[in-house]
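Participant:
In the numbering used here, the protein residues as written are 5 to 142.
Structure below.
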């Protein structure tokens with residue numbers, strides 16, 4: 005039997021690291037994955053897929069990823085059930101991630117801050133019209 009899932013989508017909120025049995029790091033998160041087709045109204049729908057990651061990958065996810073980041077994941081689907089406080093049986097389907105790839109570089113505020121500062125300067129000639137052939141190494 006084959007149980008393999010590959011998804012690309014955006015994480016819906018900042019990941020929160022938790023520990024199982026006091027020492028095993030884990031993160032549960034939701035991945036927003038757009039469908040390839042449109043509905044009757046002409047809009048593309050989005051599925052929100054529950055995912056779980058463990059150990060070092062969970063630590064890296066919380067360290068480097070924030071809400072809206074584009075992720076590629078590989079894993080398998082697992083189902084479980086539990087009895088809710090109201091006595092009903094609840095079923096849960098989650099993707100247990102074997103591999104997570106960060107598909108975008110982390111956004112840096114330093115670049116945008118520098119860009120704003122540079123954009124405030126007016127009439128700057130970025131090309132020097134002087135002949136500097138003497139400074140060339142060839």
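C-beta atoms are modelled at their ideal positions from N, C-alpha and C, and glycine is treated no differently. Just so you know, these numbers come straight off a predicted model, no measurement behind them.
Kindly give me the distance between the Cβ atoms of residue 1 and residue 84, rounded to whole angstroms, as I take these residues to be in contact under 8 Å.
Facilitator: Nothing can be reported for residue 1, as the shown portion of the chain is limited to 5 through 142.
Participant: Work out the CA separation of residue 34 and residue 50 for me, nearest whole Å.
Facilitator: Cα-Cα distance, rounded: 12 Å.
Participant: Taking the C-alpha atoms as reference points, what is the distance between residue 57 and residue 44?
Facilitator: Roughly 35 Å separates the two Cα atoms.
Participant: So, helix, strand or coil for residue 32, using DSSP?
Facilitator: Correct three-state label for residue 32: strand.
Participant: Would you kindly report the start and end of the unbroken alpha helix (DSSP H) that includes residue 65?
Facilitator: Residues 59-68.
Participant: By a C-beta neighbour count over all protein chains shown, 10 Å radius and 16 as the cutoff for buried, is residue 69 buried or exposed?
Facilitator: Buried.
Participant: Do three or more CB pairs link the segment 70-80 to the segment 20-32 at distances below 8 Å?
Facilitator: Taking 8 Å as the limit for Cβ pairs, the verdict is that the segment 20-32 does not touch the segment 70-80.
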